[in-house]
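Shown next, in structure tokens, is the structure this report addresses.
Number of protein chains: 2
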Amino acid sequence: MARPKAFDPEQALDRAMELFRRKGYAATTTSDLTDEMQIGRGSLFSSFGTKDQIFFAALCRYQERSFGHLVASLDAARSPLQAIRSIFEAITQEGRAERPFGCLMVNSTVELAPHAPDVQRYLARSWERLEEAFERAISRGQELHEISRRQTSRALARFLVTMLRGVGVGNKMRPDKDMWRDTLSVVFAALEP
Amino acid sequence: MARPKAFDPEQALDRAMELFRRKGYAATTTSDLTDEMQIGRGSLFSSFGTKDQIFFAALCRYQERSFGHLVASLDAARSPLQAIRSIFEAITQEGRAERPFGCLMVNSTVELAPHAPDVQRYLARSWERLEEAFERAISRGQELHEISRRQTSRALARFLVTMLRGVGVGNKMRPDKDMWRDTLSVVFAALEP
DNA sequence: GTTATTTTGAGACGATCGTAACAAAATGAA
DNA sequence: TTCATTTTGTTACGATCGTCTCAAAATAAC
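Respectively, the protein sequence lines represent chains A and B. Under the working numbering, read the first sequence as residues 1 to 193, first letter to last. Under the working numbering, read the second sequence as residues 1 to 193, first letter to last.
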């Protein structure tokens, strides 16, 4: 019926997502976006809207992928404790990148949450769902006697989410292996039955 | 000998510091700075240099105040455990602000560390010194049998610094009182002898 | 009161910001 | 082939970006 798009919108949005993750919201210009997404200025606005809208779409995409994967792996785990351990090991691994650009959820929470109420709401809900997934996993772990019952599953879940955010910040400092080995040793000692 | 400045440079830098803390580096313009510091454009550049230089001066100032205070209170504490508890209670309290703009050190680590090597170096050294202060306090706490010996003082210090950074991110979500009560309950259980 | 020195405020620089407009190009349906 | 429809790339808009220039203003020393 009409001229088809010359680019794949899904792939273009992926590239925008990556760019926002690397540079943050304010430091990313629309020219950066057209360069990275490999589309013209006209296509950018007609297909994706304004910069705010592109960012929000990219943020949602990232959340669904990243948190979605975490929630799924927690819910599906045979051993919840092992799932939690895998998550922390994977995320601390990211700090060994030459340029640790971090997690878009953490970055956006720091950069935008105090200024953009709608973004804050979305982030808050997302973090909450992640916390709930941790809580479910911890409850199961407690039933399996893998995880301490000295604390409620909710308290432990909140503790882990806070720790995860701390790792997201610490990764930016290119920490050596010992940094995370030491830290995680305390974290998982706190989970021990 | 010459015309004196019509403003207090110390106070002006304080205001710049506050502004960067609230808005971040990229989102703060030089006009924002002159407005907030209540000085003219000419005075801004002749007295403080470029935007980068103003930011770095503000960052150093914030670090000395904020981390300096933490280090001093840790080193001076009669009860290291109580000092640590006070620190976490004060910082979690900040999340109850109507607009939690957070800690400039955390914010800058997230926004700038991966892109500005000199800022990253400064931040890394600062975080390291904070970690060392925690380690000294924890060692003393262990000698006083206030703090667990199941983990090394270094591991516990690294754990606490990561936790502190996580709180800095979590505060942006305006967490309710229970969020931090639950979280800190796990943290201090991990320190118990 | 002069003079040397520094601060001040206003204006302006080129560059870049986010956004919009629009003609040319490319397609499926008739 | 023609036509209606959508995408594309270019151009340019007004606004704002960070920085600089420079004459006027204000002081301390003489």
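We treat Cβ as the ideally placed atom computed from N, Cα and C, and that holds for glycine. Just so we're clear, the structure is a prediction, and the values are computed from it rather than from any experiment.
Closer than 9 Å at the beta carbon, the chain B residues around residue i
i                    : result
residue 67 (chain A) : By Cβ distance, chain B contributes nothing, its closest Cβ being about 14 Å from residue 67 (chain A), past 9 Å.
Start and end residues, alpha helix (DSSP H) containing residue i
i                     : result
residue 171 (chain A) : Unbroken run through residue 171 (chain A): none, as it is neither H nor E.
residue 90 (chain B)  : 80 to 93
residue 51 (chain A)  : 51 to 76
residue 11 (chain A)  : 9 to 23
residue 146 (chain A) : Neither: residue 146 (chain A) is in no alpha helix (DSSP H) and is coded neither H nor E.
residue 29 (chain B)  : Careful: residue 29 (chain B) lies outside any alpha helix (DSSP H) and carries neither H nor E.
residue 109 (chain A) : 104 to 112
residue 41 (chain A)  : 41 to 48
Inter-residue Cα distance where the pair is residue i and residue j
i                     : j                     : result
residue 68 (chain B)  : residue 130 (chain B) : 9 Å
residue 80 (chain A)  : residue 138 (chain A) : 7 Å
residue 136 (chain A) : residue 153 (chain A) : 8 Å
residue 181 (chain A) : residue 167 (chain A) : 12 Å
residue 24 (chain A)  : residue 193 (chain B) : 42 Å
residue 141 (chain A) : residue 147 (chain A) : 5 Å
residue 10 (chain B)  : residue 57 (chain B)  : 11 Å
residue 177 (chain A) : residue 41 (chain A)  : 43 Å
residue 122 (chain B) : residue 60 (chain B)  : 9 Å
residue 77 (chain B)  : residue 145 (chain B) : 15 Å
residue 109 (chain A) : residue 2 (chain B)   : 48 Å
residue 33 (chain B)  : residue 51 (chain A)  : 25 Å
Beta-carbon gap between residue i and residue j smaller than 8 Å
i                     : j                     : result
residue 114 (chain B) : residue 4 (chain A)   : no
residue 185 (chain B) : residue 12 (chain A)  : no
residue 92 (chain A)  : residue 158 (chain B) : no
residue 71 (chain B)  : residue 133 (chain B) : yes
residue 104 (chain B) : residue 48 (chain B)  : no
residue 7 (chain B)   : residue 38 (chain B)  : yes
residue 161 (chain A) : residue 106 (chain A) : no
residue 26 (chain A)  : residue 151 (chain B) : no
Closer than 8 Å at the beta carbon, the chain A residues around residue i
i                     : result
residue 10 (chain B)  : Neighbours of residue 10 (chain B) on chain A: none; closest Cβ ~26 Å, over 8 Å.
residue 16 (chain B)  : None at all; the shortest Cβ gap to chain A is about 17 Å.
residue 19 (chain B)  : Simply none; closest approach about 13 Å.
residue 165 (chain B) : 165, 166, 169, 170
Option nearest residue i by Cα separation, candidates the options
i                     : options                   : result
residue 174 (chain B) : A:104, A:125, A:168, A:86 : A:125
residue 36 (chain B)  : B:46, B:17, B:24          : B:17
residue 89 (chain A)  : A:189, A:164, A:9, A:43   : A:164
residue 28 (chain A)  : A:10, A:119, A:95, A:111  : A:111
residue 179 (chain B) : B:96, B:50, B:128         : B:96
residue 98 (chain B)  : A:65, A:50, A:189, A:117  : A:117
residue 22 (chain A)  : A:50, A:82, A:55, A:43    : A:55
Chain-ordered chain B contacts of residue i [CB-CB under 8 Å]
i                    : result
residue 71 (chain A) : Those within 8 Å of residue 71 (chain A) in chain B number zero; the least Cβ separation is about 18 Å.
Cross-chain neighbours of residue i in chain B, by beta carbon under 7 Å
i                     : result
residue 186 (chain A) : 151, 155, 156, 159, 190
residue 27 (chain A)  : 26
residue 124 (chain A) : 173
residue 179 (chain A) : 158
Chain A residues whose Cβ lies nearer than 7 Å to that of residue i
i                     : result
residue 130 (chain B) : Those do not exist, as residue 130 (chain B) stays about 12 Å from chain A at its closest Cβ, beyond 7 Å.
residue 162 (chain B) : 163, 166, 167, 170, 183
Where residue i meets chain A, residues with beta-carbon distance less than 9 Å
i                     : result
residue 106 (chain B) : 110, 169
residue 100 (chain B) : 113, 114
residue 182 (chain B) : 151, 152, 154, 155, 156, 157, 158, 159
Cβ-heavy atom distance, residue i to the ligand NAP, below 7 Å
i                     : result
residue 121 (chain B) : No copy of the ligand NAP appears in this structure; indeed no ligand is present at all.
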